[in-house]
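First the structure, in the form of structure tokens, and then the observations on it.
There are 2 protein chains.
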Amino acid sequence: MRKYNIAVVGALGAVGREMLKTLEQREFPVEVIKPLDILSNAGTEIIFQGKPVVVQAAETGAFKDVDIALFSAGADASKILAPIAVAEGAIVVDNSSAWRMDDDVPLVIPEVNPDALSWHKGLIANPNCSTIQMLVALKPLHDQYGIKRIVVSTYQAVSGTGQKAIDELNQQIQDYVSASPIRSNVYPYQIAFNALPHIDIFLENNYTKEEMKMVHETNKILDKNISVSATTVRIPVFRSHSESINVEMKKPFVLDEIFTILKSAPGVVVVDNPAEAQYPMAIEAEGQDSVFVGRIRRDLSIENGLNLWVVADNLRKGAALNAVQIAETLVQKNLL
Amino acid sequence: MRKYNIAVVGALGAVGREMLKTLEQREFPVEVIKPLDILSNAGTEIIFQGKPVVVQAAETGAFKDVDIALFSAGADASKILAPIAVAEGAIVVDNSSAWRMDDDVPLVIPEVNPDALSWHKGLIANPNCSTIQMLVALKPLHDQYGIKRIVVSTYQAVSGTGQKAIDELNQQIQDYVSASPIRSNVYPYQIAFNALPHIDIFLENNYTKEEMKMVHETNKILDKNISVSATTVRIPVFRSHSESINVEMKKPFVLDEIFTILKSAPGVVVVDNPAEAQYPMAIEAEGQDSVFVGRIRRDLSIENGLNLWVVADNLRKGAALNAVQIAETLVQKNLL
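Here it is as structure tokens:
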């Protein structure tokens, strides 16, 4: 079986580390692993498949022997480096928002629109974490009933902002316990014991960029005719995003059918037993590959309405895992 | 000016303490304060208006000299004690869910439906915390544009469950910092660093009782024709509930008008300046009397749709303050 040279760009970040772990856990056929990061981190040693590997600088020339480069280095770095990597012969799977809405770049969730990979031109975008878990849950329902409108409110973990935000919540919690003053650097306000309706920057229409990502990415990946209204909120959770999703469908449904469809949907695990107080939870999704769906109930306020509570590990399915799955699909479909 | 004998039932609970504080802060004309609690707490001394007062047992006979009894002792206690208090001549303002949907009991938010107090028969119900803050924000919009449908997702503080839940979050945070095992007693699962889509018990339709309270109370207080879909979620915040509210109105609106209406609405403070990252937040609402409204933006997914982020202190406007405001309105309208 052929093996591949894989670069991970941003290898020391929260998502980069998870990409390396995911490649190991899923036994991706790696010939050579090439962890790349900013120049000042070059020389750092990491362990991959039990062996030490030295982190190199992510720069021109670093991609010449690379088959697939998994990027999680932020949008600014990606805008510069991804085209260089492609020019040097690598296929780039980019986790940033830099290329997602580019008409020449497929935006792919393997369970939802794997066929979009067929027209890639060297660069493939990984969707936003909040969009991925929502669409993995909604795709099988859209196929069956046709989704007309989505109203979603998110409960997002700090790890979505990166390692520095994880550190900040940790520090604020420790300062709270020791009755020290709580300081905020990563977020504009305290995140411990708070809820911030502010993820990414504010746009001219007074939505945040995170909210509009959920709109535009849903339209690009699933269906351009679906209307989406999003409110995205950061809460003091380390890992896994939760989403309260209200859906209006075109066709009538029987609730039992919804359960049946979701239980057999790829990437979905249904956790829904109110009598036993079972529903998806952030702390249980951590480290898991699946998208967990529960609180499945008919919306009594509108015809063909449905409510769902959807939870997934934002660093796994929301980022690293989806990128590795794209790489796996490229191999399976012989699209390298 | 006439002064009144006021009993606070459940005086040592989180809401009871806040009721006593609110009576002091708003200089309610109190002749005698009578803090009542369960028998085992009788004899405890509290301070009211700078003077020590002894807590007495909440029992038959305790309400004979009471003008107004503010109840926050839970639904079970209220079902037994509130009729006794009324029979003994007190007017009861009850914070539990016991009487809210009773046709003979007005369910009142003074900014929304004060006129319902006119037909009281000795017992008046205080709405659920989540309902109060939502309707204070939506009432002026309903008057102007007619609300057709509400989709709401909540981000609720542990203090809504009471002092024992505040203690549990505190303990879990301390155990996390000291790397001790985290135990859960009040909630079925860890609340620290988690989000629980489970408030109050599950009902036969798989909604929680908290979710259906928001439906039924909105219909009783504001308009029986408004459709409501609610998802209620507990998050690791000590105090103040946040709500992501999506509204579909009957009539078209200009967004500037919405700002103008909300800015002059009773009990509402608009905090909405995306350019300066200003929006309502739980940690800033704590201890405040107002309902804070922000993230005001047109819902792009439907005609006449609007999104709001609404935050209020669940122990103040969501409970104690609303009850004291009902007492104030009874005095003003001469309805004692």
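So the protein sequences, as listed, match chains D and G.
With my numbering, the residue at position 119 of the first sequence is 119, and numbering never jumps.
Counting from 1 along the second sequence, just add 1000 to a position and that's the residue number in my numbering.
Every residue, glycine too, gets a C-beta built ideally from N, C-alpha and C.
- The beta carbons of Ile1109 of chain G and Leu1135 of chain G sit closer together than 8 Å.
- Excluding the 5 residues flanking it on each side, Lys250 of chain D has same chain C-beta neighbours closer than 8 Å at Tyr145, Gly146, Ile147, Lys148 and Asn304, in chain order.
- Per DSSP, reduced to three states, the secondary structure at Asn334 of chain D is coil, with no helix or strand assignment.
- Its Cα nearest to that of Glu88 of chain D, the residue D:Glu59 stands out among D:Ile221, D:Glu59 and D:Ser290.
- In this structure, the CA atom of Lys1224 of chain G is about 7 Å from the CA atom of Thr1218 of chain G.
- Residue-level contact by beta carbon holds for Asn1205 of chain G and chain D, with a gap shorter than 8 Å.
- At least one C-beta of chain D is nearer than 8 Å to the C-beta of Gln1174 of chain G.
- Using a CB distance cut-off of 8 Å, Ile1235 of chain G counts as an interface residue toward chain D.
- One finds Ala1277 and Tyr1279 in chain G with Cβ atoms closer than 7 Å to the Cβ of His198 of chain D, taken in chain order.
- Counting of Cβ neighbours within 10 angstroms places Gln1172 of chain G among the buried residues, the total reaching 16 or more.
- Closest by C-alpha distance to Ser96 of chain D, out of D:Val268, D:Asp103 and D:Ala82, is D:Ala82.
- Distances from the alpha-carbon of Pro1252 of chain G to those of G:Pro1127, G:Ala1077 and G:Asp1299 put G:Asp1299 closest.
- Per DSSP, reduced to three states, the secondary structure at Arg298 of chain D is strand.
- Around the beta carbon of Asn1246 of chain G, a 10 Å sphere encloses 16 or more other beta carbons of the protein chains shown; the residue is thus reported as buried.
- Chain-order list of chain G residues neighbouring Arg295 of chain D: Pro1197, Asn1206 and Thr1231, by C-beta distance under 8 Å.
- Remark: C-beta atoms of Val1186 of chain G and Ala1165 of chain G approach each other more closely than 8 Å.
- Taking 8 Å as the cut-off, the beta carbon of Ser1072 of chain G is found no closer than this to the beta carbon of Val1032 of chain G.
- Residues of chain G with a Cβ closer than 8 Å to the Cβ of Ala282 of chain D are, in chain order, Phe1193, Asn1194 and Ala1195.
- Closest in C-alpha terms to Asn307 of chain D, from the list G:Val1105, G:Val1228 and G:Ser1242, comes G:Val1228.
- Secondary-structure assignment with DSSP links Val1158 of chain G through no beta bridge to anything.
- By the C-beta density criterion, Gln1325 of chain G is buried, having at least 16 other C-beta atoms within 10 angstroms.
- For a Cβ distance threshold of 7 Å, nothing in chain G lies close to Arg316 of chain D: the least Cβ distance comes to about 17 Å.
- Interface with chain D (8 Å Cβ-Cβ cutoff): Gly1287 of chain G is excluded.
- Looking at D:Ala179, D:Thr44, D:Asp256 and D:Asp94, the one whose alpha-carbon comes closest to that of Gly318 of chain D is D:Asp94.
- At a Cβ-Cβ threshold of 8 Å, Thr1154 of chain G and His1216 of chain G do not count as neighbours.
- Within 9 Å of the CB of Arg149 of chain D, the CB atoms of chain G belong to Ser1301 and Ile1302, in sequence order along the chain.
- Only Ser227, Val228 and Ser229 from the stretch 214-230 of chain D bring a Cβ to less than 7 Å from some Cβ of chain G.
- The residues Ala230 and Thr232, in chain order, have a CB closer than 6 Å to that of Glu211 of chain D in the same chain once the five nearest residues on each side in sequence are set aside.
- Annotation for Leu23 of chain D: the continuous alpha helix (DSSP H) segment containing it runs Ala14 to Gln25.
- The Cβ neighbour count for Gly1013 of chain G, taken over all protein chains shown within 10 Å, is at least 16; the residue is labelled buried.
- Within chain G, the C-beta atoms nearer than 8 Å to that of Phe202 of chain D come from Pro1274, Ala1275 and Ala1277, in chain order.
- Between Gln1190 of chain G and Ile1182 of chain G, the CB-CB gap stays under 8 Å.
- In the structure shown, Asn307 of chain D adopts extended strand secondary structure according to DSSP, grouped into three states.
- With contacts defined as CB atoms closer than 8 Å, Leu1036 of chain G and Val1054 of chain G fail to qualify as a contacting pair.
- Residues of chain D with a Cβ closer than 8 Å to the Cβ of Val1177 of chain G are, in chain order, Ile173, Gln174 and Val177.
- In the DSSP annotation of this structure, the continuous segment of the beta strand (DSSP E) that includes Lys1051 of chain G starts and ends at Lys1051 to Val1054.
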